[in-house]
Amino acid sequence: MAAEFAAIKNNLDSLYQTAKTLIEGTLQPKMGNSPQVEAVTQANQAIVNATQMLETRKNNASTLNTSFLKETLKSASLSAATGDNATTVQQQPGNYSFVAYTSDIASPNWNFAQRTVWTADNKLVTSPLPNNSQNSATLTDVSWIYTLSGTGAKYTLTFDYYGPQTGYLYFPYKLVKGADKNNIGLQYKLNDGNFEQINFAPAPTEPARSTMPQTAPENQTSEENMTAASQLNTTPTVSDINVAKVTLFNLKFGSNTIEFSFPMNKVAPMIGNMYITSDEANKKQIYDSIFGNTSVQTASQTSVSVDLLKGYSLATSWRTYIRQFTGLTGNGVQTSDPVYLIGLIGGSGNRSVARAQMNIKNIPHVNGATRTFTIYVNALLNGNYHISGAYLQGSNSARSLKFSTGTSSSNNEVTVANLKQNNWTTLGHFDTKMTSTTVSGTGTLMKRTLTLNQGLNKIVVSEVNNGDTPFIGNLTFTLESNQTTSEQVEPSSTTAEKNI
1 MAAEFAAIKN NLDSLYQTAK TLIEGTLQPK MGNSPQVEAV TQANQAIVNA
51 TQMLETRKNN ASTLNTSFLK ETLKSASLSA ATGDNATTVQ QQPGNYSFVA
101 YTSDIASPNW NFAQRTVWTA DNKLVTSPLP NNSQNSATLT DVSWIYTLSG
151 TGAKYTLTFD YYGPQTGYLY FPYKLVKGAD KNNIGLQYKL NDGNFEQINF
201 APAPTEPARS TMPQTAPENQ TSEENMTAAS QLNTTPTVSD INVAKVTLFN
251 LKFGSNTIEF SFPMNKVAPM IGNMYITSDE ANKKQIYDSI FGNTSVQTAS
301 QTSVSVDLLK GYSLATSWRT YIRQFTGLTG NGVQTSDPVY LIGLIGGSGN
351 RSVARAQMNI KNIPHVNGAT RTFTIYVNAL LNGNYHISGA YLQGSNSARS
401 LKFSTGTSSS NNEVTVANLK QNNWTTLGHF DTKMTSTTVS GTGTLMKRTL
451 TLNQGLNKIV VSEVNNGDTP FIGNLTFTLE SNQTTSEQVE PSSTTAEKNI
C-alpha cells in the first residue's frame with residue numbers, strides 16, 4: 001500500500017490484531033476468561049465498517065496527499081456571541097457585493113459575510129440574485145468571518161482526516177481596520193488539546209514581542225513545539241490579503257475538530273475559507289484556489305487566468321459589484337449565458353439598490369483615483385506578462401483601465417485605453433499583445449506587459465484621470481511569447497508584492 005495510505009493500513013492492522021487476539025483466545029480458554037459476546041461483535045463490526053469505508057478513506061488520504069480539502073466557512077459554525085441566533089448580530093450589509101475592502105470599517109455590526117452576485121433592471125436598480133439554483137451561494141463561496149468577539153465566541157471547523165498525523169492548515173486573513181494592527185491575536189484548539197497561538201509578525205511600528213505559543217499538549221514534542229513557534233505569518237493589514245499557514249500535530253484518524261477564538265484583550269483578524277493538506281508541496285494549488293487562479297503551461301504558452309467571481313479579492317467602495325448579464329453578444333454571436341462582470345471599479349459612478357435590502361451600509365466609499373479593485377496572480381515564472389480580458393462598455397466616451405503592481409513610482413503598470421462598444425449588449429475583448437488593443441502613456445510608460453515574479457503578485461485595477469471604468473470579466477496574464485526560460489526577468493523589490 002502506498003505511503004499516503006499508511007494511516008489507513010495501520011488502522012486495519014490494529015483492527016485485525018484485535019480480532020486475532022479474540023480468535024486465538026478460543027471460546028473456552030484453559031486459562032483466563034472467555035471472550036465476551038459484546039467484544040466479539042464490536043471487533044467484527046469495526047472491521048466491517050473499515051472495509052466499507054475503505055475507498056472513501058483512500059480518496060480522502062489521496063486528496064490530502066496530492067491536493068487539499070476545502071472547508072467553506074459557514075455562519076452556523078459561529079457560536080456564542082457570534083452565532084446567527086445571537087440577539088446583537090445583524091445580517092451582512094444588504095447592499096454589499098464584495099465583502100472585503102482595502103478601507104477601514106470602523107465598527108461592523110455583522111460577523112459573517114459572503115460575496116453576493118447582483119442583477120439590475122432596466123432602470124439600473126440593482127438587486128441580489130433571487131434564491132434559486134443560481135443564487136450567489138452556489139456561484140461563489142468567497143466568505144469572511146469579520147469578528148470573533150464576546151465571551152465564548154468561537155468558530156468551529158470539523159473535518160474527516162485519514163492522512164498522516166501531521167497536516168497543514170491554510171486560510172486567507174486581513175484586518176478589518178488599521179487601528180487593530182498592534183492588538184491582533186488568534187488562537188486555535190485541535191480536538192482536546194490546549195490552545196495554540198497563530199503567530200503573526202508584529203506591525204513595523206510595534207516593538208518585537210514573544211510569539212511563543214501557549215503550553216503544548218503533553219504528547220507534543222519539544223521539536224514540534226519549536227516548529228510551531230517559529231512559524232510566523234505575515235503581518236496582517238487592511239489593504240492586503242495574506243494566507244496563514246498552521247502546522248497541525250497529532251491529528252486523529254477520522255473526525256477532527258478545530259476551534260478558533262481570540263486571546264484575552266486581543267482582536268482577531270478577518271479569516272476566510274479553510275484549506276487542509278498533508279503535504280506542504282500542495283501550497284501552490286491552495287493559493288490558486290483561494291485567489292481563483294488557473295495556470296496553463298505548455299511548450300508554447302505560460303499563462304494564469306483569474307476567475308473574478310470565485311477568487312478572493314478586495315474593493316475600496318461598497319458600490320463596486322459583480323453582476324450577472326444575459327443575452328450578450330460577442331464577435332457577432334450570442335455568448336454563453338450567463339456572464340459575470342465587475343462594475344464600478346473606478347471613477348465616481350453610483351449604484352442604486354432596491355429598497356428591500358436590509359442593514360444598508362454606505363461605507364466604505366471613495367471616488368476617483370482611490371477607488372480600485374485588487375486581485376492576486378500566482379505566476380508560474382518570473383517575466384513580462386500580457387493582459388487580456390472581456391469588457392462591457394457602451395457609453396459615448398471610451399474608457400480606460402490601469403493595471404499596476406506596487407506603488408505608482410515603480411512604473412510597473414499597463415494602461416488599456418479606448419475601450420468602447422456601440423451598445424451595452426456587445427461584449428468586447430482586449431489583449432495587450434495585439435496592436436488592435438490601445439495602450440496609453442508616454443515614452444517608456446507606454447507598456448504592454450506587467451513584470452510579475454514567480455509566486456503571488458498583487459495587481460491593482462483602477463481608472464485613469466478620474467474617469468469611469470468599463471465592466472470587466474475574467475482576466476488572463478500570459479508570459480511574453482518571445483521570452484524563454486533563460487530570459488526571465490530577475491525578481492525586483494518593486495514587483496515582488498508577495499511571493500509564496
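Start counting the sequence shown at 1; every next residue gets the next number (UniProt numbering).
We put the beta carbon where it would ideally sit given N, CA and C, even for glycine.
Just so it is clear, the structure is predicted and the values come from calculations on it, not from any experiment.
Backbone secondary structure at residue i - three-state DSSP
| i | result |
| --- | --- |
| THR335 | coil |
| LEU73 | coil |
| ARG57 | helix |
| ASN199 | coil |
| VAL461 | strand |
| TYR287 | helix |
| THR294 | strand |
| PHE5 | helix |
| LEU450 | strand |
| THR87 | With a pLDDT of 46 at THR87, under the threshold of 50, the modelled position of this residue cannot be trusted, and the question is left open. |
| THR484 | Confidence in THR484 is poor, its pLDDT being 47 and thus under 50, which makes the residue's placement unreliable; the coordinate value appears in the next sentence. Three-state DSSP puts THR484 in coil, outside helix and strand. |
| ILE276 | strand |
| ILE11 | A small fix is needed here, since residue 11 is Asn in this sequence, not Ile. Looking at ASN11 - three-state DSSP - the assignment turns out to be helix. |
| VAL48 | helix |
| LEU22 | helix |
Cβ shell of residue i (< 8 Å), same chain only, five flanking positions each side left out
| i | result |
| --- | --- |
| THR329 | THR335, THR425, THR426, LEU427 |
| GLY368 | GLY346, GLY347, SER348, GLU463, ASN466 |
| GLN45 | none |
| ALA7 | ALA61, TYR162, GLY163, PRO164, GLN165, PHE253 |
| VAL366 | SER103, THR316, SER317 |
According to DSSP, residues forming a beta bridge with residue i
| i | result |
| --- | --- |
| ILE258 | LEU157, LEU190 |
| TYR340 | GLN324 |
| SER127 | THR119 |
| PRO236 | In the DSSP output, where bridge partners are listed per residue, PRO236 has none listed. |
| PRO269 | PRO269 pairs with nothing; no bridge assigned. |
| ILE387 | PHE477 |
| ILE145 | PHE112, ILE271 |
| ALA315 | TYR101, PHE373 |
| LYS402 | THR415, SER462 |
| SER300 | According to DSSP, SER300 bridges with nothing at all. |
| ALA379 | GLY455 |
| LEU78 | TYR155 |
| ASP431 | SER388 |
| GLY150 | BP columns for GLY150 are empty, so no partner. |
Residue of the options minimising C-alpha distance to residue i
| i | options | result |
| --- | --- | --- |
| ILE472 | ASN293, TYR391, PRO130 | TYR391 |
| LYS181 | THR438, ALA299, ALA268 | ALA268 |
| THR302 | ILE47, LEU479, LEU73, GLN92 | LEU479 |
| PHE68 | MET274, SER149, ASN49 | MET274 |
| ILE375 | VAL366, ALA46, ASP307, GLN357 | ASP307 |
| residue 555 | LEU148, PHE253, ASN367, GLU413 | Because residue 555 is not part of the residues shown, which for the chain are 1 to 500, the question remains open. |
| GLY163 | LEU248, SER317, GLN324 | LEU248 |
| ILE322 | ASP337, ASN331, LEU341 | LEU341 |
| ILE459 | ASN396, ILE105, SER440, ILE387 | ILE387 |
| PRO108 | VAL117, ASN359, GLY193 | ASN359 |
| THR370 | VAL40, THR66, ALA203, TYR101 | TYR101 |
Cβ pair residue i, residue j closer than 8 Å
| i | j | result |
| --- | --- | --- |
| ARG351 | ARG399 | no |
| SER313 | PHE171 | no |
| ASN183 | TYR146 | no |
| ASN256 | ASN191 | yes |
| PHE129 | ILE258 | Here residue 129 turns out to be Leu, not Phe, going by the sequence shown. No, the Cβ-Cβ distance between LEU129 and ILE258 is not below 8 Å. |
| PHE262 | ASN233 | no |
| THR126 | VAL296 | no |
| PHE291 | ASN384 | no |
| VAL304 | PHE477 | yes |
| PHE195 | ILE276 | no |
| VAL343 | LEU475 | Sequence inspection shows Gly at residue 343; the Val mentioned does not correspond to that position. No. |
| TYR173 | GLY272 | yes |
| SER278 | GLY167 | yes |
| GLN324 | VAL142 | no |
| LYS70 | SER404 | no |
Same chain, Cβ closer than 7 Å to residue i, five either side skipped, listed in chain order
| i | result |
| --- | --- |
| PHE5 | LYS58, ALA61 |
| GLN52 | none |
| ALA50 | ASN11, LEU12, LEU15 |
| THR469 | ILE345, GLY346, GLY347, ARG399, LEU401, GLU463 |
| LEU309 | LEU139, THR140, ILE322, TYR340 |
| ALA496 | Note that ALA496 scores a pLDDT of 33, beneath 50, so its modelled location is shaky and nothing firm can be said. |
Residues of its chain near residue i, where Cβ-Cβ distance is below 6 Å and the 5 sequence neighbours each way are ignored
| i | result |
| --- | --- |
| THR437 | PHE430, ASP431 |
| GLU418 | Checking the sequence shown, residue 418 turns out to be Asn, not Glu. Cβ neighbours of ASN418 beyond the five flanking positions: ALA398, THR438. |
| SER462 | GLY346, THR372, LYS402 |
| SER103 | THR316, PRO364 |
| GLN42 | none |
| GLY394 | GLN421, ASN423, TRP424 |
Closer than 7 Å: residue i CB and nearest the ligand SAH heavy atom
| i | result |
| --- | --- |
| GLY441 | The ligand SAH is absent from the structure shown, which contains no ligands of any kind. |
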